[in-house]
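What follows is one structure encoded as structure tokens, with my remarks underneath.
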């Protein structure tokens, strides 16, 4: 996560160049995968503990299902192609993804109490 400001600053300075946009995309992918693997580890532990309610709550979250689906890979490929055509598209598509994930996030997603 600490690379996000660095990547964003580099993109802001050289917005018409594909290099900074690709770096930003790589940081975004790394963050997404780190989030997924953390969630995956929590889900496995919840399943072992028998807490099916919390397990279903996490596996039902849009961001978890999105990163796990082929749509995530497809969105990365489309963004990468878009960056080579028009570099600022990387930020635009990243912003759209963040907005959609924000809208689709459950109101109680930060509360896994039984």
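In this note's numbering, the protein residues as written are 1428 to 1541.
Glycine included, each C-beta is placed from N, C-alpha and C at the ideal position.
Please read these numbers as outputs of a predicted model, since none were measured by experiment.
- When only Cα atoms are considered, residue 1476 and residue 1510 end up about 44 Å apart.
- Note that the C-beta distance between residue 1462 and residue 1494 is below 9 Å.
- The DSSP-derived three-state label of residue 1461 is helix.
- Within a 10 Å sphere around the beta-carbon of residue 1517 sit 16 or more other beta-carbons, which makes this residue buried.
- Burial is judged here by how many other beta carbons sit within 10 angstroms of a residue's own beta carbon; residue 1490 has at least 16 and is buried.
- Within the same chain, 1521 come within 7 Å of residue 1455 by CB-CB distance, once the 5 residues on both sides are set aside.
- Taking a cut-off of 8 Å for Cβ pairs, the region 1470-1489 and the region 1525-1532 touch, as three or more such pairs fall below it.
- Going by DSSP, residue 1512 is part of the alpha helix (DSSP H) stretching over 1497-1512.
- Counting only the Cα atoms, residue 1453 lies some 13 Å from residue 1438.
- By the neighbour-count definition (other C-beta atoms within 10 Å, threshold 16), residue 1443 is an exposed residue.
- In the three-state reduction of the DSSP assignment, residue 1528 falls in the helix class, which pools H, G and I.
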